[in-house]
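Report on the following structure.
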Amino acid sequence: MDDLLRNKGILINGQVHLSPKEAHELSLQGAVFVDVREEFMSHIKTFDVTKIFIAPLRTFKEGLEKLPKNKLLIFVDATGIKSKHAMEYASEMGLANIANLAGGLVAWERQGMPTITYQRMRVAGHSRCEFVHKDHIGQ
Numbered sequence: 019m020d021d022l023l024r025n026k027g028i029l030i031n032g033q034v035h036l037s038p039k040e041a042h043e044l045s046l047q048g049a050v051f052v053d054v055r056e057e058f059m060s061h062i063k064t065f066d067v068t069k070i071f072i073a074p075l076r077t078f079k080e081g082l083e084k085l086p087k088n089k090l091l092i093f094v095d096a097t098g099i100k101s102k103h104a105m106e107y108a109s110e111m112g113l114a115n116i117a118n119l120a121g122g123l124v125a126w127e128r129q130g131m132p133t134i135t136y137q138r139m140r141v142a143g144h145s146r147c148e149f150v151h152k153d154h155i156g157q
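Under this note's numbering, the letters of the sequence shown match residues 19 to 157, in that order.
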């Protein structure tokens with residue numbers, strides 16, 4: 019386990035799960051985020067960290083060899099579930115300096131950690147759908 023992870027996170031079945039604050043602090047110390055969301059999702063909103071590697075889960079096995087082996091890798095996604103699976107797979111393949119961001123981007127934002135939202139990709143406008151009380155359906 020990387021010295022950066024000492025006394026950090028929650029250890030579950032030998033795997034470290036970090037809070038957003040811990041993950042942010044580690045990113046400032048050189049840790050690399052590995053975002054396993056689909057690529058289009060990272061083009062809408064992403065983690066504002068110095069080093070991030072986009073490795074969508076559907077092609078993760080092929081991209082695993084491209085990950086830096088000499089850095090602490092923090093696996094991230096929207097909620098922390100898919101990133102946990104990616105971290106487990108990376109561990110099975112021999113990577114040791116790894117952790118998971120518990121709660122993913124949702125928890126990251128809730129705790130006020132920095133994000134980047136790309137305005138050109140935001141959904142805007144009005145929906146043609148509207149809520150109607152069930153008594154008024156068909157009228």
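C-beta: ideal position from N, C-alpha, C; glycine also. Keep in mind that this is a model prediction, so the values were computed, not measured.
Checklist entry - Which runs of the alpha helix (DSSP H) spanning at least 4 residues fall entirely within the stretch 82-145, listed in chain order? => result 99-110 and 122-128
Checklist entry - Using a Cβ-Cβ cut-off of 7 Å (strictly less than) and excluding sequence neighbours within five positions of L82, which residues of its own chain qualify? => result Here residue 82 corresponds to residue number 64 of the sequence shown, with the count starting at 1. Hits under 7 Å: A108 and M111.
Next on the checklist: Quick check: what's the CA-CA separation for Q129 versus K79?
Outcome noted: On the sequence shown, position 111 is the one that residue 129 refers to. On the sequence shown, position 61 is the one that residue 79 refers to. Going by the C-alpha atoms only, they are around 31 Å apart.
Next on the checklist: Here's the rule I'm using: 16 or more other beta-carbon atoms within 10 Å means buried, otherwise exposed. How should P38 be labelled?
Outcome noted: The residue given as residue 38 occupies position 20 in the sequence shown. By the 10 Å Cβ count, P38 comes out buried.
Checklist entry - Can you give the Cα-Cα distance for T133 and L123, rounded to whole angstroms? => result Along the sequence shown, one-based indexing puts residue 133 at 115. Along the sequence shown, one-based indexing puts residue 123 at 105. One C-alpha to the other measures close to 9 Å.
Next on the checklist: Less than 9 Å between the beta carbons of L75 and H103, yes or no?
Outcome noted: Position 57 of the sequence shown, counted from the first residue, corresponds to residue 75. Position 85 of the sequence shown, counted from the first residue, corresponds to residue 103. Yes, these two residues count as a Cβ contact at 9 Å.
Checklist entry - Buried or exposed: where does G32 fall if 16 or more other Cβ atoms within 10 Å of its Cβ makes it buried? => result For the purposes of this step, residue 32 is taken as residue 14 along the sequence shown, with counting starting at 1. When all chains shown are included, G32 counts as exposed.
Checklist entry - Where DSSP assigns a beta bridge to D66, which residues make up the other side? => result As a working note, residue 66 is residue 48 in the sequence shown. According to DSSP, which records beta bridges pairwise, D66 is partnered with nothing at all.
Item to check | Residue range of the unbroken alpha helix (DSSP H) whose run includes H35 | outcome: Start at 1 with the first residue of the sequence shown, and residue 35 comes out as number 17. It is not in any alpha helix (DSSP H) - H35 instead sits in the beta strand (DSSP E) that spans Q33 to L36.
Item to check | Cutoff 6 Å; reference D66; Cβ partners in own chain excluding five residues on either side | outcome: Numbered from its first residue, the sequence shown carries residue 66 at position 48. If we look at D66 and ignore the five residues flanking it on each side, its Cβ neighbours are P132, T133 and I134.
Next on the checklist: Distance check for E57 and A73, CA to CA, integer angstroms please.
Outcome noted: If you number the sequence shown from 1, residue 73 lands on position 55. If you number the sequence shown from 1, residue 57 lands on position 39. Going by the C-alpha atoms only, they are around 8 Å apart.
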